[in-house]
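Report on the structure given below.
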Amino acid sequence: NAGVMQNPRHLVRRRGQEARLRCSPMKGHSHVYWYRQLPEEGLKFMVYLQKENIIDESGMPKERFSAEFPKEGPSILRIQQVVRGDSAAYFCASSAQPDANSPLHFGNGTRLTVT
Amino acid sequence: SQQGEEDPQALSIQEGENATMNCSYKTSINNLQWYRQNSGRGLVHLILIRSNEREKHSGRLRVTLDTSKKSSSLLITASRAADTASYFCATDGHTGNQFYFGTGTSLTVIP
């Protein structure tokens, strides 16, 4: 399967723990986007990365959240000291070109539950 | 805030009928895209219409774009039960860095 791969599919964390969400983009794609979706809502942009660079993190909370896309390996979205409000589905998408005419290819998401 | 807003929020039709969903947005765009999301899955790209296009077809899908009204519509003809999903419009907000998604239209096609 050459699609966008996210893992884990489901993640349960207690308040205060750390959550690490992984995303492997489609083969040949070097542009990765992270989105968050709350139940019955649309997707909210969090961060846009290219290999080794954060291009736009305007949608990501300044505290506790960080993202990286290293030269080798998957993109990681890291949430430190999780709170119940972090419970959501987190989707990763990738594209081949850094322009608006390239459709996004989404993974099936990671559903984070904070207890 | 998100740029796209879909209307209606929910739509229920009989199989074989046409389904029309609308999307309104706020700022200038390079293009507008429609995506589908099945329950528990990621979004799947359906169709892209550029800002200089007024109408586009793909199979049973027909998309229109009116940049003067900042609105778009997605028509699914001869709907099938398998079309049951949520449908989202997305705009690039002229930056290319972000894609703004609406809150979606939940479509139910009754067999």
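Protein sequences appear in the order of chains A and B. Under our numbering, the residue at position 55 of the first sequence is numbered 52, and the numbers go up by one with no gaps. So the mapping is simple: our numbering equals the position in the second sequence, first residue as 1, plus 13. Virtual Cβ for every residue (Gly too), placed ideally from N, Cα, C.
Does the distance from the C-beta atom of Val80/A to that of Arg12/A stay below 8 Å?
Closer than 8 Å, so yes.
Kindly indicate the opening and closing residues of the beta strand (DSSP E) around Lys41/A.
Leu40 to Gln47
Just the chain A side, please: which residues come within less than 9 Å of Thr116/B by C-beta, in chain order?
In chain order: Glu37, Glu38 and Gly39.
Is it buried or exposed for His102/A, if we count other Cβ within 10 angstroms and need 16 for buried?
buried
So, does the CB of Tyr100/B fall closer than 8 Å to a CB anywhere in chain A?
no
Nearest-angstrom Cα separation, counted from Glu30/B out to Leu109/A
37 Å
With 16 as the cutoff for other CB atoms within 10 Å, does Pro21/B come out buried or exposed?
exposed
is_contact[Gly104/A, chain B] using C-beta, thresh 8 Å:
yes
Report yes if the CB atom of Ser64/B is closer than 8 Å to the CB atom of Asn44/B, and no otherwise.
yes
Is Asp96/B helix, strand or coil by DSSP?
helix
Have a look at Ala98/B and Gly55/B and give me their C-alpha separation to the nearest angstrom.
11 Å
For Ser53/A and chain B, any beta-carbon pair shorter than 8 Å?
Looking at the sequence shown, residue 53/A is not Ser but Asp. Yes, because at least one Cβ of chain B sits closer than 8 Å to the Cβ of Asp53/A.
Span separating the alpha-carbon of Gln50/B from that of Leu46/A
Linking Gln50/B to Leu46/A through their CA atoms gives a straight-line distance of about 23 Å.
Can the beta-carbon of Leu88/B be found closer than 8 Å to that of Tyr100/B?
no
Asp79/B burial status per 10 Å Cβ neighbour count (16 or more: buried)
exposed
Any idea what DSSP makes of Asp83/A, helix, strand or coil?
helix
Paired residues, beta bridge with Arg10/A - DSSP:
Val111/A
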